[in-house]
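Novice:
2 protein chains.
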Amino acid sequence: MSSVKRTSRDIRTANRYEVLRQIIAESPTSRQELAAATGLSLATVATLVGELLDLRLITEVGFEDSAGGRPRGLVAVNATGGALIGVDIAETYVRVELFDLALNVLARADENMRPGESRPEQVVGHVAAAVGSVVTQAGVEGARVLGVGVSVPGQVDREGGVSEYAPNWDWHDVPLLDLLAEHIAYPLYLDNPLRACAVAELWFGAARGRGDAVVVNLGTGVGAGLVLGGGLHRGVSNSAGEWGHTTLVLDGRLCHCGNHGCVETYVGAPGIMLHLRELAPQSTLLHPEDQTATIDALARGVADGDPVALKVVRDTARYLGAGIADLVNLLNPEVVVLSSWVAAALGEPLLTEVREAVARHSLRRPLDAAEIVLSPIPTDPVCLGAATFALEGALSSFSQRPTRRGAPARSRTASAS
Amino acid sequence: MSSVKRTSRDIRTANRYEVLRQIIAESPTSRQELAAATGLSLATVATLVGELLDLRLITEVGFEDSAGGRPRGLVAVNATGGALIGVDIAETYVRVELFDLALNVLARADENMRPGESRPEQVVGHVAAAVGSVVTQAGVEGARVLGVGVSVPGQVDREGGVSEYAPNWDWHDVPLLDLLAEHIAYPLYLDNPLRACAVAELWFGAARGRGDAVVVNLGTGVGAGLVLGGGLHRGVSNSAGEWGHTTLVLDGRLCHCGNHGCVETYVGAPGIMLHLRELAPQSTLLHPEDQTATIDALARGVADGDPVALKVVRDTARYLGAGIADLVNLLNPEVVVLSSWVAAALGEPLLTEVREAVARHSLRRPLDAAEIVLSPIPTDPVCLGAATFALEGALSSFSQRPTRRGAPARSRTASAS
DNA sequence: AGAACTTTGTAAACCCCCTTTCCTAACCCC
DNA sequence: GGGGTTAGGAAAGGGGGTTTACAAAGTTCT
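If you read the protein sequences in the order shown, they are chains A and B.
Taken in order, the first sequence gives residues 0 to 416; the numbers are from numbering that gives the first Met the number 0.
Taken in order, the second sequence gives residues 0 to 416; the numbers are from numbering that gives the first Met the number 0.
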């Protein structure tokens, strides 16, 4: 009996998120606007805004004229009120970004990992160094770091902070958060890049305010973050979204997962490179051993009208479109977001072709309901999403302290009566 | 901004469903057992049971010894307290079943439709006749029919009661519920067979109490009802679950949807027949023009060890397994249920092969979490699911009347004090 | 300048939901 | 027939959201 148990507290949490999201998206803003945008009553918005003010996540920033009446008080994110850190552990590098509370990047650190460096201690060392670096760069006092979100590929036990399985390094049940806690004093939160991207879109991107969305992650690996019913769908063992190993071509290319014809082998960066190599082994676009350079060259090639580049992108879009059409039919989402660095690099040309391919493959009703867009997030979505996990964690840890000490009681009049 | 708005009333509704489900599943039962099974407090269970008693959906049926103390009061479904009707409109027939409140079938009526009969009025006529027939057969007074759930294939607007698109008859925006209302005086509820099967599993079958489940529907058409987060996932335009037109074989068999290689063309009943015909055109198992007979013959063939039948089922299971593995990876469900008449006919042999095929194609973590089972529902799941829609509707329409007249006030002592 | 109107935002009252606690009812055993 | 035990109802309490009343803070009219 693992049926979900919902309590009225969940409603509060969801509303708190929604209000904060709205303030971050549109700062400064008034309580009136927030009420209209969220559909909540003014009173509820006022109390939630009061909470966020108490938490110093937002501040009052003056007033706005209203049509002839009392001016509206404005609130905005308290950018200097704290910092969030997002850690993107990938196969070949570790990227760490430090954000203010408006989710602007204040500092960034990249660490490259050599192919041999696959031991957890080595990875942890890189992460610790990079986190130290961004904190120093940004010059924030440690006390103001509200949390560190860590994204690691593969299967993750987020409650336990364990990397259950990371295919690229063959990790099994590595207690990553415990290892990190020896070097990092801030609250730590763990999940994987798929869900990080999905949460980033949910809070700040194209999935904001949508009930059902699919965030298609195009990088070295491929996956789909699922936003269903307004929240992240994790599945029963937090491994939902493994779309990269969906069979697209029965008995197709061999995938490292052991199967044939997985989506990932066609639309992941290595798959795209392979296609380019098959089409034009001597192409100058091809940078063996460097995925990023190859994809970027491909994007430039498309812009210049290079026929090989055009064909590679078009074929990739066809595979991708067929796969996305299946998602559209199955889940009937409001929006499909193309995210991660391959999508960002190939951009509009890819999007256009994908839209056509999806239209060819999916059924009319779900197709009509589904918008397909590129991620509007300008920075690394994995770091942003990881930082968002930290933000969610900070919010919920705050809200679990009903008896706040230090904060002045806001109404003393009610006590007597 | 179509984000889902949750209120505390939804919690009440979910709990009411949960308690009634439990009572139907295990009748008679005590409040103590219900509290333990649902995780609710005794007080909440007591009030919900009180509501259901007031609604005459359940009755008190005596007492049960408790270890030395006051005996437990037992409640059971009030089977004679009302009737529910489920209507399964399919391509070639209309089946109507009348249920008591314990969801036992009291009466059944089948109407066959000739190939030409595709006009809405004709279908409505069959439904009306069959509904009239089951009411007469069961000898219930009309007043006790709580509602009629209607399942029609294709895209459905359930609020408006409109069949937006039914591929087999090329219906477009047929106001089916309005047409039926002219002949049927009971409350009507509309949806499609996919979701009917899913709801049947959710209430009475293998998905009961599970957070995430996939109900794979194997009939003439193929689809997947999605239970996510403990409730039916409908998608943004109520068309989620169209899994039958997922591409399984790029450039494979032509499907009536216009694409190639859809799941449905391989594992739907016509696809299975086609495979049989390709393998053994002269096979005695083959009954052209009769899907049911062919599938039944196939099932007997497997039982008898017929090599052709074995190969057909094995190949079908392989296609099906590849498709289901994708669902397991994507959604990470707790259970996958094989439902509908093809699954029921082929039974265990199909299940065994499917399990093996899924194990070959899916990733370990989601695979470990997913159980794959045959539907435990012995009767027509579509009729049962349709009747369940009526039950849900009856429950919610009752609960929307806070000022019940007629029902005696249950506590008069509180008024003075 | 003062009165009148407008609009904002807080406080109080209210409704809904669930849980905890208290207490009575109903049974058993000695 | 008292003492122990268990069931279940009633009341209190805590969380959440909304409505209503009212004070606060402007603008506009006279």
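In this text, a Cβ means the ideal position worked out from N, Cα and C, and glycines have one as well.
These figures come from a predicted structure and were not determined experimentally.
Name the chain B residues that come within less than 7 Å of A:ASP211, Cβ to Cβ?
Specialist: Translated into positions along the first sequence, residue 211 of chain A becomes position 212. Neighbours of A:ASP211 on chain B, chain order: GLY234, VAL235.
Novice: Grouping DSSP H, G and I as helix and E and B as strand, with all else coil, what is A:ASN328?
Specialist: For this step, residue 328 of chain A is matched to residue 329 along the first sequence. Helix.
Novice: Against chain A, with Cβ distances strictly below 8 Å, would B:ARG411 count as a contact?
Specialist: To locate residue 411 of chain B, count along the second sequence from 1; it is residue 412. Per-residue confidence for B:ARG411 stands at a pLDDT of 29, beneath the threshold of 50, marking its modelled position as unreliable; the derived number appears in the next sentence. Not closer than 8 Å to any Cβ of chain A, the Cβ of B:ARG411 fails to qualify, so no.
Novice: Could you tell me which chain A residues have their CB closer than 7 Å to the CB of B:CYS196, listed as they occur along the chain?
Specialist: Sequence index remark: in the second sequence, residue 196 of chain B carries index 197 (1-based). By Cβ distance, chain A contributes nothing, its closest Cβ being about 16 Å from B:CYS196, past 7 Å.
Novice: Considering A:THR58, what are the terminal residues of the beta strand (DSSP E) in which it resides?
Specialist: The sequence position of residue 58 of chain A within the first sequence is 59, counting from 1. Here the beta strand (DSSP E) through A:THR58 covers 57-63.
Novice: Would A:TYR164 count as contacting chain B if we go by Cβ distances under 8 Å?
Specialist: Here the question's residue 164 of chain A lines up with position 165 in the first sequence. So yes, A:TYR164 belongs to the interface.
Novice: Can you pull the chain A neighbours of B:PRO365, defined as C-beta to C-beta under 8 Å?
Specialist: Against the second sequence, residue 365 of chain B aligns to sequence position 366. Ordered by position in chain A, the residues that pass the 8 Å Cβ test against B:PRO365 are GLY234, SER236, SER238, ALA239, GLU241.
Novice: Would you say B:PRO332 reaches chain A, if we count a Cβ-Cβ gap shorter than 8 Å as a contact?
Specialist: For the purposes of this step, residue 332 of chain B is identified with residue 333 of the second sequence, where counting begins at 1. Output row for B:PRO332: interface = yes.
Novice: Using a Cβ cut-off of 7 Å, pull out every chain A residue sitting near B:HIS426, in sequence order please.
Specialist: Residue 426 of chain B falls outside the range modelled here, since chain B spans only 0 to 416, and no answer is possible.
Novice: Which residues does DSSP pair with A:LEU297 in a beta bridge?
Specialist: Position 298 of the first sequence, counted from the first residue, corresponds to residue 297 of chain A. A:LEU297 pairs with nothing; no bridge assigned.
Novice: Check whether chain A comes within 8 Å of B:SER7, counting only Cβ atoms and requiring the distance to be less than that.
Specialist: Mapped onto the second sequence, residue 7 of chain B falls at position 8. Yes - at least one Cβ of chain A is within 8 Å of the one on B:SER7.
Novice: Could you confirm whether any beta carbon from chain B is found closer than 8 Å to the beta carbon of A:VAL307?
Specialist: Your numbering for residue 307 of chain A matches position 308 in the first sequence. Taking Cβ atoms only, chain B never reaches closer than 8 Å to A:VAL307, which makes this a no.
Novice: Return the residue from the list B:ALA34, B:ALA292, B:ILE271, B:ALA195 that minimises the CA-CA distance to B:GLY462.
Specialist: Residue 462 of chain B lies beyond the residue range present for chain B, which begins at 0 and ends at 416; the question has no answer from this structure.
Novice: Note down, in chain order, all residues in the stretch 142-175 of chain B with a beta-carbon under 8 Å from any beta-carbon belonging to chain A.
Specialist: The stretch 142-175 of chain B vs chain A, Cβ under 8 Å: GLN154, GLU163, TYR164.
Novice: Could you tell me which chain B residues have their CB closer than 9 Å to the CB of A:CYS256, listed as they occur along the chain?
Specialist: Counting from 1 along the first sequence, the entry for residue 256 of chain A is found at position 257. Ordered by position in chain B, the residues that pass the 9 Å Cβ test against A:CYS256 are LEU362.
Novice: Quick check on the burial criterion: 16 or more other C-beta atoms within 10 angstroms. Buried or exposed for A:ARG15?
Specialist: Along the first sequence, one-based indexing puts residue 15 of chain A at 16. Buried is the call here.
Novice: Does any C-beta atom of chain B lie closer than 8 Å to the C-beta of A:LEU100?
Specialist: Mapped onto the first sequence, residue 100 of chain A falls at position 101. So no, A:LEU100 is outside the interface.
Novice: Check this for me: beta carbons of B:LEU284 and B:ALA302, under 8 Å apart or not?
Specialist: Sequence index remark: in the second sequence, residue 284 of chain B carries index 285 (1-based). Sequence index remark: in the second sequence, residue 302 of chain B carries index 303 (1-based). Not a contact, by the Cβ cut-off of 8 Å.
Novice: Would you list the one or two residues that DSSP bridges to A:GLY224?
Specialist: As a working note, residue 224 of chain A is residue 225 in the first sequence. Partner(s): A:VAL214.
Novice: Beta-carbon within less than 7 Å of B:THR245's beta-carbon, same chain only, minus the 5 sequence neighbours each way: which residues are those?
Specialist: To locate residue 245 of chain B, count along the second sequence from 1; it is residue 246. Contacts found: CYS261, VAL262, GLY322.
Novice: Among A:ILE84, A:SER65, A:ASN77, which one has its Cα closest to the Cα of A:GLU59?
Specialist: Position 60 of the first sequence, counted from the start, is the residue given in the question as residue 59 of chain A. The candidate whose alpha carbon is nearest that of A:GLU59 is A:ASN77.
Novice: Just confirm the distance between the C-beta atoms of A:VAL327 and A:PRO365, as a whole number of angstroms; I'd bet it's less than 8 Å.
Specialist: Here residue 327 of chain A is taken as the residue at index 328 of the first sequence, counted from 1. Here residue 365 of chain A is taken as the residue at index 366 of the first sequence, counted from 1. Correct: roughly 5 Å between the Cβ atoms.
Novice: Residues of chain B with a CB under 7 Å from the CB of A:ASP303: which are they?
Specialist: On the first sequence, residue 303 of chain A is found 304 positions in, with the first residue counted as 1. Those do not exist, as A:ASP303 stays about 30 Å from chain B at its closest Cβ, beyond 7 Å.
Novice: What separation, rounded to the nearest whole angstrom, lies between the Cα atoms of A:LEU47 and A:PRO119?
Specialist: The count along the first sequence starts at 1 and reaches residue 47 of chain A at position 48. The count along the first sequence starts at 1 and reaches residue 119 of chain A at position 120. For A:LEU47 and A:PRO119, the distance between alpha carbons rounds to 41 Å.
Novice: Pull out every residue of the stretch 11-44 of chain A whose Cβ sits closer than 8 Å to any Cβ of chain B, in chain order.
Specialist: Answer in chain order: ALA13, GLU17, ALA36, GLY38.
Novice: Using 8 Å as the limit for Cβ to Cβ distance, is A:LYS4 near chain B?
Specialist: Counting from 1 along the first sequence, the entry for residue 4 of chain A is found at position 5. Yes, its Cβ sits closer than 8 Å to a Cβ of chain B.
Novice: Please decide whether A:LEU247 counts as near chain B, where near means a Cβ-Cβ distance under 8 Å.
Specialist: Counting from 1 along the first sequence, the entry for residue 247 of chain A is found at position 248. So, interface residue.
Novice: When the Cα atoms are used, what is the spatial distance from B:GLY251 to B:LYS310?
Specialist: Along the second sequence, one-based indexing puts residue 251 of chain B at 252. Along the second sequence, one-based indexing puts residue 310 of chain B at 311. Spanning the two alpha carbons is a distance of roughly 20 Å.
Novice: Ordered along the chain, which non-local residues of its own chain (more than five positions away) have a Cβ less than 6 Å from that of A:ASN216?
Specialist: Working through the first sequence from its first residue, we reach residue 216 of chain A at position 217. For A:ASN216, where only same-chain residues beyond five positions count, the Cβ hits under 6 Å are LEU193, CYS196, GLY222, SER338, SER339.
Novice: For A:ASN418, which option in A:ILE376, A:SER396, A:ALA393, A:GLU110 has the closest C-alpha, if you only look at C-alpha atoms?
Specialist: The displayed coordinates of chain A run from 0 to 416. Any statement about residue 418 of chain A would go beyond what the structure contains.
Novice: Where does the unbroken beta strand (DSSP E) through B:ASN486 begin, and where does it stop?
Specialist: In this structure chain B extends from 0 to 416, so residue 486 of chain B is not present and cannot be described.
Novice: Kindly indicate the opening and closing residues of the alpha helix (DSSP H) around B:HIS171.
Specialist: As a position in the second sequence, residue 171 of chain B is number 172, starting the count at 1. Where B:HIS171 is concerned, there is no enclosing alpha helix (DSSP H), although the beta strand (DSSP E) it sits in stretches over 170-173.
Novice: Cα separation between B:GLY220 and B:GLU288?
Specialist: For the purposes of this step, residue 220 of chain B is taken as residue 221 along the second sequence, with counting starting at 1. For the purposes of this step, residue 288 of chain B is taken as residue 289 along the second sequence, with counting starting at 1. Roughly 16 Å separates the two Cα atoms.
Novice: Using only the alpha-carbon positions, how far apart do B:LEU187 and B:ARG20 sit?
Specialist: Counting from 1 along the second sequence, the entry for residue 187 of chain B is found at position 188. Counting from 1 along the second sequence, the entry for residue 20 of chain B is found at position 21. Straight-line Cα distance between these residues: approximately 21 Å.
Novice: What residues from the stretch 312-327 of chain B come within 7 Å of chain A, judged by C-beta to C-beta, listed N to C?
Specialist: Those would be ALA321, ASP325, in chain order.
Novice: Taking the continuous alpha helix (DSSP H) assigned at B:GLN31, which residues delimit it?
Specialist: Within the second sequence, residue 31 of chain B is the residue found at index 32, counting from 1. Its alpha helix (DSSP H) spans residues 30-37.
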